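One rule links them: number in the working numbering = place in the sequence shown (from 1) + 1421.
In what follows, a single structure is set out as structure tokens and then discussed.
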Amino acid sequence: MHEWALAEAVVEYLEEKRREEGWSNVKTLVLGLGELQNVDREVFEFALKHLLSQNEVKVGKIILHLVKASFKCRRCGGSWTLDDLNLDEDMREAIHFLPEAIYAFASCPHCGSRDYYVEEGRGLVIEELEVE
Ligand SMILES: [Zn+2]
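Okay, structure coming up:
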């Protein structure tokens, strides 16, 4: 499953970092999960904790927060979030499963252009890694 694959990638990253940098444990790990990344938070956290428990890297605290999606217009340079658009539930759900679907539903709220890109809110970002 998607959540497990993501969790595995995080664990592999930590192992690699540990080998490279020679620390022993992670005190705090802060992860930013993109709003457009279709991930079940609970499943992901469970998977991560499970994989870490079978691993040599010990992680003290895991902080997981949601990174709001934001978009930037190539024509006028304006940026906006999903909250700035008047999307109904069905559209939000479609975008959640397939971020590209947004191009079918929305245009730039400033100038009406459909030439924009996702600035933030995709994928998983390791925002902070405190080691000891
Ligand atoms: Zn625009």
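Here a beta-carbon is modelled for each residue, glycine too, at the ideal position from N, C-alpha and C.
These numbers come from a predicted model, not from an experiment.
Rounded separation between residue i and residue j - CA only
| i | j | result |
| --- | --- | --- |
| H1517 | L1435 | 28 Å |
| E1541 | E1429 | 22 Å |
| C1532 | E1456 | 24 Å |
| V1552 | E1441 | 13 Å |
| Q1475 | H1486 | 24 Å |
| R1535 | R1439 | 43 Å |
| R1462 | R1495 | 32 Å |
| G1544 | A1527 | 21 Å |
| L1506 | W1425 | 32 Å |
| E1437 | H1471 | 18 Å |
Cut-off 7 Å between Cβ atoms - residues of its own chain near residue i, not counting five sequence neighbours on either side
| i | result |
| --- | --- |
| E1548 | V1451, L1452, G1453 |
| Y1537 | F1492, K1493, C1494, R1495, C1529 |
Which of helix, strand or coil DSSP assigns to residue i
| i | result |
| --- | --- |
| E1548 | strand |
| E1540 | strand |
| H1423 | helix |
| A1428 | helix |
| E1433 | helix |
| A1525 | helix |
Using 8 Å as the Cβ pair cut-off and three pairs as the minimum, do the segment 1475-1485 and the segment 1431-1447 touch? Three or more Cβ pairs closer than 8 Å define a contact, and the segment 1475-1485 meets that threshold against the segment 1431-1447.
Along the chain, which unbroken stretches of the beta strand (DSSP E) at least 3 residues long are found entirely within the segment 1437-1522? Within the segment 1437-1522, complete beta strand (DSSP E) segments of at least 3 residues are found at 1446-1455, 1479-1488, 1491-1494, 1500-1502, given in chain order.
Counting pairs of Cβ atoms below 8 Å between the segment 1462-1471 and the segment 1495-1510, do you hit three or more? No: the two stretches stay apart, fewer than three of their Cβ pairs being nearer than 8 Å.
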